[in-house]
Structure formats: C-alpha cells, structure tokens
Amino acid sequence: MKRTISLLLAVLLATSLVACGGGGGGTQGGGGGSTTTETYELALITDLGTIDDKSFNQGSWEGLVKYANENNISHKYYQPTEQSDDAYLAAIDLAVTGGAKLIVTPGFLFEVPVYAAQEIYPDVMFVLIDGTPHDATYSDFTIAPNTAGVTYAEEQAGFLAGYAAVKDGYTKLGFMGGMAVPAVVRFGYGFVQGCDYAAAELGLAQGSVTVNYHYTGEFAATPEAVAMAASWYNDGIEVIFACGGALGNSVMAAAETAETKVIGVDVDQSGESPTVITSAMKGLQPSVYDCVKAFYDGAFPGGEHLVFAADNDGVGIAIETAKFETFTEADYNEIYAKLVDNSISIVGDVDASGGSVALEDIPVTIVTATEIKS
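Each residue of the sequence shown is one higher than the one before, counting from 2 in the numbering used here.
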C-alpha cells in the first residue's frame, strides 16, 4: 500500500444475529436466520459498526470480496445484533452452517470468540484481524493451526499522520479516538510522537505544538462527538485525527461547519468529506485478500501471527489524495524509508516487557504530557 483474541459453547441462537446478503447470489436474512439452501464459502462477521462504515469493516470486506469476485467464489457477511462473545459465536456458527470454509473476523473484540471457535470448528479457517486468540482470563493465547492472526503497526501510521500535519504547518492538533482498544491506542500514541518528531526537525520551541487527546468510548457517530469536535475547533484546533470508525463522520460534520480539517483512519477517507486532508491507513483490503488467496493456494498461514508494518507496505497515509500545502510525496517517501529501516523507534501500547504504556509515559519533548489535553 505504501504509495499506498476456553469458552464452552452450549446453545447458539440464530435469533441473536442478522445474516446479511453478500455476493455470489446471497440473499437477505432476518431474525430467524437464513432460509435459503445456498451455501457460501467465504464469510465475514462484522465488528461494531456496519459493512459500509467507510472504515474497518468495509476495508476488510472489500479484501474478501475482491478475491471472491475475481475467482467466482460465493461469499456472505453476518452482522451480530449486539456486542457479546455469545452473539459473535452465534454469527460464526451461522456462517459455518451456511457452508463457510474461511471466516474473516475483523476486530479486537473477536479474540475470545475465535479462541473458542477455532477449537469447535477445526476444519474451518479463521482470519482474525487486529488480535490474537485468547481465553477470557488472558492467561492462554493460542493461535490454532486453522487460524491466522493479523495485526498492524498502527503506531507507524499514526506517526506518519502526525508528522505530515506538523510539517505542513499545523501546530494545534487533536486526537479523538473511539474505544481505547489496542489498535486505537497505537494510532494515538504514534500520532503524538509524529507531531513531536516533526516539531523537533523544524526546531520549534517548547509548547509550540499542542495536542488535545480524548477517547469517546464508542465507535459511533453521535451528537456528543459532534459537539466535542466543534468545541475543539472553536478553541483553535486546526485538524483532528478522527480514529474510531463512524466517529469520524461526527468530526467531519463539525469540521465542515467550522471550515477546518480532519485526518481519516483505516482507509482513504478523502471521499467522505472535503475536510479530510489525509488518512492514516492500514492494509486491510490487501492483507485480507492475501490471506484468502493463501487459503486457496494451499498456503494458509495457520498458527501464525502476521504483522503488517512499513517494512511490508502494511501501513501508510493517503498521499495521492492528500490536501497538503507544503508536505510533498518526496517528504513522505523520505520519512517512510526511516520507518522501513527502523531508524525511528515508536512507542506503541506495550513496552519491551509487554507491559502497558500510559499516555504520560510517551517519550516526547515538544509535545509533552502536560500539553496533551485529555
């Protein structure tokens, strides 16, 4: 892309989910489950949000659909009606009953359900995006031979977004995340460090760059999020990194009113609003596509933890559609190369020993902990 988680399963109720139409002749299902006798080889279970969220779910779905359409393979997605391990497992069961040979589960919240499902359905392959299967007590992390765990170096993508914004002249920035799950935290931590790195390169004085930093606690577009973003913009924030699926729509709405700027997330969101100057992206579509292709090629990476980062074009920012004034593609390629060769060390959500990192522990100088307003 560069220039571009042991449950016992007792009863699964189909009424706890909605089966949704996909490709390959798929039909819409309802609360009682699918009544069609058609089967679908490929399936995706949505995380919080919808399949057309212009973000995480959609990016993952597009990777599956791309391979399915190219190879005339039946496919379908399933949308749980609530956020719970039981509901996610019920959706997985419905997909298996519907003929799924490979199931993509995008999101950290699938770690526990997939931990159970990979044992319950040993003949079904799972692609867990943004997580590692584990039991509910976090005491056993197991990636079974029928599961591939995929994560991304979101801290690198966030770093690039923060770096580019400051290099382009923005000094009053905001990070508004959804739920403080590891991927969102990594995006935010990287963003702050990118701002700091660019400020240091520019020789800006202490306190010249500030970052408002907040997690809303949900991935939804809400009036409250619009109000908060509007307040930030009214206080002089020039650009907000909106990191939380549909949350971004709230920030974009506020930015359009205030005639200010937004940084999108996960996929290129430039088409969502003229206020989007770039997006911090991870290779959702290509990574899902590659895993599906590997399955059909007889080379499924079962039992492996795959990390997509700068060194394998797994993260980046949308540079071709960017609306920067002075930050160029050459500038982007130069800083990207430093991530590829590990010239820059970026702190993520855990330290070298695996312990959690707090916001105030991020080693920044220009953007200090006291200047990050939470």
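Where is the CB? At the ideal position from N, CA and C, for every residue including glycine.
Identify the continuous alpha helix (DSSP H) that holds residue i and give its terminal residues.
i	result
Phe192	183 to 203
Met229	224 to 235
Using a Cβ-Cβ cutoff of less than 7 Å, which residues in the same chain neighbour residue i once the five nearest sequence positions on both sides are dropped?
i	result
Ala323	Ile278, Thr279
Glu330	Ile320
Val97	Tyr122, Val125
Asp267	Ser56, Phe57, Gly60, Met282, Lys283, Leu285
Ala158	Phe188, Gly191, Ala281, Met282, Lys283, Val316, Gly317, Ile318
Thr133	Ile6, Glu112, Phe142, Ile144, Gly150, His306
Which class does residue i belong to by DSSP, given the choice of helix, strand or coil?
i	result
Ala310	coil
Ser302	Correcting the residue type first, residue 302 is Pro in the shown sequence and not Ser. Correct three-state label for Pro302: coil.
Val351	strand
Leu174	strand
Ala166	helix
Val66	helix
Ile241	strand
Val341	helix
Ser357	strand
Val277	strand
Near residue i, what residues of its chain come up, given a Cβ to Cβ distance below 6 Å and the 5 sequence neighbours on each side ignored?
i	result
Lys102	Glu42
Ala231	Ala255
Phe127	Ile104, Val115, Gln119, Thr148
Ala1	Nothing about residue 1 can be read from this structure; the chain reaches only from 2 to 375.
Tyr198	Tyr164
Gly31	With a pLDDT of only 29 at Gly31, under 50, the local geometry of the prediction cannot be trusted, and no value is derived from it.
Asp332	none
Asp312	Val341
Glu63	Gln286
Gly100	Thr40, Tyr41
Which partner residues does residue i have in the DSSP bridge list?
i	result
Asp267	Met282
Ala295	DSSP lists no partner for Ala295.
Thr152	Val308
Met262	The question names Met, but residue 262 in the sequence shown is Lys. In the DSSP output, where bridge partners are listed per residue, Lys262 has Val240.
Go to residue i, then tell me how far its beta strand (DSSP E) extends in each direction, as first and last residue.
i	result
Gly317	316 to 318
Leu43	43 to 46
Measure from the C-beta of residue i to each C-beta in chain B and report whether the shortest distance is under 8 Å.
i	result
Gly355	Reference to chain B is not applicable here, since this structure consists of a single protein chain.
Got a sec? Which residues, its chain only, sit under 8 Å from residue i by beta carbon, not counting five neighbours each side?
i	result
Ile363	Tyr190, Val193, Gln194, Val348, Ala370
Asp53	Gln59
Task: Contiguous beta strand (DSSP E) assignments of at least 3 residues, all confined to the segment 78 to 144 - done: 103 to 107, 126 to 130
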